[in-house]
Amino acid sequence: MVRVGDSDLDILPVAVGGNVFGWTADEAESFALLDAFTQPTGVCIDTADGYSHWAPGHVGGESETIIGRWLAARPGRRASVVLATKVFSHPQYHGLSAPNVAAAARASLRRLGTDVIDLYWAHHEDPDVPLEESARAFSRLVDEGLVRWIGLSNYTPERIDEWFAIAERDGLHRPVALQPQYNLVERAFEDGLRQRAERYHLGVFPYYALAMGFLSGKYRPDAPLPTTPRAGGASKYLDDRGRRVLAALDEVAAAHGVAPATVALAWLREQPTVVAPIVSASRTDQVPALLASVHLALAPGELDALTAAGA
Numbered sequence: 003m004v005r006v007g008d009s010d011l012d013i014l015p016v017a018v019g020g021n022v023f024g025w026t027a028d029e030a031e032s033f034a035l036l037d038a039f040t041q042p043t044g045v046c047i048d049t050a051d052g053y054s055h056w057a058p059g060h061v062g063g064e065s066e067t068i069i070g071r072w073l074a075a076r077p078g079r080r081a082s083v084v085l086a087t088k089v090f091s092h093p094q095y096h097g098l099s100a101p102n103v104a105a106a107a108r109a110s111l112r113r114l115g116t117d118v119i120d121l122y123w124a125h126h127e128d129p130d131v132p133l134e135e136s137a138r139a140f141s142r143l144v145d146e147g148l149v150r151w152i153g154l155s156n157y158t159p160e161r162i163d164e165w166f167a168i169a170e171r172d173g174l175h176r177p178v179a180l181q182p183q184y185n186l187v188e189r190a191f192e193d194g195l196r197q198r199a200e201r202y203h204l205g206v207f208p209y210y211a212l213a214m215g216f217l218s219g220k221y222r223p224d225a226p227l228p229t230t231p232r233a234g235g236a237s238k239y240l241d242d243r244g245r246r247v248l249a250a251l252d253e254v255a256a257a258h259g260v261a262p263a264t265v266a267l268a269w270l271r272e273q274p275t276v277v278a279p280i281v282s283a284s285r286t287d288q289v290p291a292l293l294a295s296v297h298l299a300l301a302p303g304e305l306d307a308l309t310a311a312g313a
């Protein structure tokens with residue numbers, strides 16, 4: 003178990019991404035995936051109020067609703083998981099104004115069927131709302147007992163500095179976690195954001211931890227791309243650097259007798275400030291390789307080789 007920043011949250015060092023629930027996984031499939039992922043205790047389930055408003059016929063909140071139904075069907079399970087959700091992109095609750103943050107949090111609580119959100123994320127920066135208004139709105143939710151801890155997702159280093167300056171000045175509850183895009187082939191986090199995570203003791207939850215499936219090894223330069231929603235995004239990594247990364251992953255995976263995805267997540271878990279890479283799956287048979295990353299110890303030379311391949 004790992005501690006999330008300056009919070010009291012202790013979690014398994016891998017988190018479940020809820021964007022697939024109700025989108026590429028129907029309710030029955032989502033229940034099966036949640037059951038598989040949460041066999042160990044202390045798993046963080048990470049979702050957002052906007053998931054999956056982009057799908058035809060969806061209005062947003064589908065993922066939260068399915069998670070809430072799953073919790074209702076699993077008495078006692080709520081105490082063994084950490085629930086994290088986000089506000090910004092729900093069509094009915096768009097942005098980070100104070101009234102919207104308050105209303106969106108209550109709507110998420112209803113869909114999740116719980117009385118408190120363990121970790122509540124500001125999903126994106128809102129340039130149309132003064133940052134101090136948003137910071138105060140999130141802090142107020144903690145005071146009201148509706149949210150335990152605050153996180154920032156997709157924030158720039160400068161806006162993180164500004165949020166913390168406001169929190170310090172006004173005596174507000176401080177964020178404890180940061181959610182950026184970060185993986186072996188997406189390394190922008192290492193320039194500026196990692197420094198902020200270190201400075202403010204933020205626990206980092208990288209999303210797209212497997213680069214839309216590319217780091218699982220299922221996309222290869224000489225193989226046809228599968229027809230899945232994420233295949234097109236993963237195809238951009240099929241360049242010389244991507245080939246180097248796949249070769250390094252294959253070598254380390256073969257040495258340990260594990261899947262490339264297990265190695266990619268183990269590398270990410272070992273990076274400074276990272277507490278739990280966020281992963282998702284479309285089938286339950288993919289889950290064991292993802293959870294295995296928690297226990298895989300990579301040698302210093304293996305970590306260096308992987309880092310160099312993706313540089």
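Numbering (our numbering), first residue to last: 3 to 313.
Using N, Cα and C, we set each Cβ at its ideal position, and we do this for glycine too.
- With 16 or more other Cβ atoms inside 10 Å of its own Cβ, W123 counts as buried.
- Listed in chain order, the non-local C-beta contacts of G312 below 6 Å within the same chain comprise L186, V187, V247, local neighbours out to five positions each way being set aside.
- The three-state secondary structure of F140, taken from DSSP, is helix.
- Remark: C-beta atoms of F207 and V103 do not approach each other more closely than 8 Å.
- Contact between E127 and N156 is confirmed by a C-beta separation of about 7 Å, below the 8 Å threshold.
- The stretch 236-254 makes contact with the stretch 209-226: 3 or more CB pairs, one atom from each, lie closer than 8 Å.
- A distance of 8 Å or more separates the beta carbons of A139 and I168.
- In the structure shown, the three-state DSSP call for Q183 is strand.
- When secondary structure is reduced to three states using DSSP, R5 falls in the strand class.
- About 6 Å separates the CB atoms of T264 and L298; that is less than 8 Å, so the two are in contact.
- By the neighbour-count criterion, in which 16 or more other beta carbons inside 10 Å mark a residue as buried, R113 falls on the buried side.
- Excluding sequence positions up to five before and after W269, its CB lies within less than 7 Å of the CB of L186, L300, L305, L308, all in the same chain and listed in chain order.
- In this structure, S284 lies away from T49, with their beta-carbon atoms at least 8 Å apart.
- Rounded to the nearest angstrom, the gap between the Cα atoms of V281 and E146 is 31 Å.
- Taking the Cα of W56 as reference, the smallest distance to any Cα among G97, S91, D130, D242 is reached at S91.
- Contact fails between the stretch 74-81 and the stretch 13-31, because fewer than three Cβ pairs, one in each stretch, are under 8 Å apart.
- Counting other Cβ atoms within 10 Å of its Cβ, R150 reaches 16 or more and is therefore classed as buried.
- Secondary structure at F23: strand, using DSSP grouped into helix, strand and coil.
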